[in-house]
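Peer 1: Numbering (this note's numbering), first residue to last: 473 to 742.
(1) Cα separation between residue 669 and residue 722?
(2) Exposed or buried, which one is residue 724 when buried takes at least 16 other CB atoms within 10 Å?
(3) Quick check on DSSP: helix, strand or coil for residue 506?
(4) Determine the contact status of residue 729 and residue 660, defining contact as a CB-CB distance below 9 Å.
(5) Closer than 7 Å by C-beta to residue 580: which residues in its own chain qualify, once you throw out the five before and the five after it? Chain order, please.
(6) Tell me the rounded alpha-carbon separation between residue 531 and residue 511.
(7) For a quick check, are the C-beta atoms of residue 534 and residue 566 less than 9 Å apart?
(8) What does residue 816 pair with, by DSSP beta-bridge criteria?
(9) Nearest CA to the CA of residue 734: which residue from 623, 700, 694 and 710?
(10) I'd like to check one pair, residue 687 with residue 590: are the Cβ atoms closer than 9 Å?
(11) Under 9 Å, do residue 552 and residue 508 count as touching if we go by C-beta distance?
(12) What residue from 578, 606 and 638 has the CA that sits closest to residue 615's CA?
(13) Which two residues bound the contiguous alpha helix (DSSP H) that contains residue 705?
(14) When you compare only the Cα positions, how much space is there between residue 641 and residue 516?
(15) Since I believe residue 626 is in contact with residue 658 (beta carbons under 8 Å), could you give me their beta-carbon distance rounded to a whole number of angstroms?
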């Protein structure tokens with residue numbers, strides 16, 4: 473990997489924090505097979521194919537992590553509203569499912585990583601020539617997926633007015649924007665890039681970089697040893713070029729800016 477493409481944003485070794493796990497709690501390192509919750513509905517990230525197999529960036533990263541830890545992996549599908557519950561209930565050991573690190577979520581689960589950084593962006597139709605930034609969409613109609621808050625974040629950061637049209641999924645949003653019942657979709661740029669990759673043509677990213685999003689590996693609280701092991705694998709993934717290879721495999725040609733693949737700063741394991 474060309475080192476000039478990596479922005480060294482100080483990946484912090486999580487090993488500085490240790491010995492804080494719950495006594496008697498089984499670590500993911502003690503398991504032969506890791507049950508991993510993944511999205512089944514996001515092209516380019518986590519998508520369940522008709523044959524039942526999963527594909528996407530998150531899937532490849534999960535397989536890479538399991539391989540480096542010497543574990544087998546079994547995927548279970550999780551929707552956005554289920555990502556925390558599958559961990560707190562013990563139905564999954566890890567979650568690789570576009571799970572942004574937030575203070576509220578850290579009260580319920582632990583995070584390893586983040587394993588990639590993204591930005592909130594906006595998807596519009598390619599024939600919308602007059603849109604080059606967020607302000608050009610003032611008062612326009614945005615598709616809002618239930619359980620997500622990107623439109624609210626857009627309003628908070630830019631103080632702009634935007635009409636929202638509710639949808640249950642990003643697939644429904646894509647149907648709406650094709651039918652011109654909405655003008656734009658806003659969420660993490662990698663999610664939008666995956667949608668563009670599937671469609672092939674007719675849509676583009678505005679490249680607005682509205683707010684930074686850190687995506688982590690969700691795991692149960694108390695497994696500090698397992699969390700630190702995950703962080704070591706993520707560090708190696710950026711050092712040996714695996715991270716760049718996978719980003720390019722899934723998002724090259726989508727309009728996502730891959731000229732600098734930023735190294736995320738770890739949250740630390742607690």
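Virtual Cβ for every residue (Gly too), placed ideally from N, Cα, C. The structure displayed is predicted, hence computed values, not measured ones.
Peer 2: Checking against the coordinates, here is how it stands:
(1) Counted from its first residue, the chain shown places residue 669 at position 197. Counted from its first residue, the chain shown places residue 722 at position 250. The alpha-carbon atoms of residue 669 and residue 722 are separated by roughly 8 Å.
(2) As a first step, residue 724 is located in the chain shown; it is residue number 252 there, counting from the start. Burial call: exposed.
(3) The residue you call residue 506 lines up with position 34 of the chain shown. Looking at residue 506 - three-state DSSP - the assignment turns out to be strand.
(4) Within the chain shown, residue 729 is the residue found at index 257, counting from 1. Within the chain shown, residue 660 is the residue found at index 188, counting from 1. Contact: no.
(5) What you label residue 580 is simply residue 108 of the chain shown in a count that begins at 1. Taken in chain order, the residues that qualify are 556 and 560.
(6) Residue numbering aside, residue 531 sits at position 59 when the chain shown is read from its first letter. Residue numbering aside, residue 511 sits at position 39 when the chain shown is read from its first letter. C-alpha separation (whole angstroms): 9 Å.
(7) Reading the chain shown from its first residue, position 62 is the one you call residue 534. Reading the chain shown from its first residue, position 94 is the one you call residue 566. Cβ atoms of residue 534 and residue 566: closer than 9 Å.
(8) No answer is possible for residue 816: the residues shown for the chain start at 473 and end at 742.
(9) Numbered from its first residue, the chain shown carries residue 734 at position 262. Residue 734 has its Cα closest to that of 710, out of 623, 700, 694 and 710.
(10) By 1-based counting over the chain shown, the position of residue 590 is 118. By 1-based counting over the chain shown, the position of residue 687 is 215. Yes; because the gap between Cβ atoms is below 9 Å, this pair is in contact.
(11) What you label residue 552 is simply residue 80 of the chain shown in a count that begins at 1. What you label residue 508 is simply residue 36 of the chain shown in a count that begins at 1. Cβ atoms of residue 552 and residue 508: not closer than 9 Å.
(12) Looking up residue 615 in the chain shown gives position 143. It is 638.
(13) On the chain shown, position 233 is the one that residue 705 refers to. Note, residue 705: alpha helix (DSSP H), 696–711.
(14) Residue numbering aside, residue 641 sits at position 169 when the chain shown is read from its first letter. Residue numbering aside, residue 516 sits at position 44 when the chain shown is read from its first letter. Whole-angstrom Cα-Cα distance: 15 Å.
(15) Your numbering for residue 658 matches position 186 in the chain shown. Your numbering for residue 626 matches position 154 in the chain shown. Right, their Cβ atoms sit about 6 Å apart.
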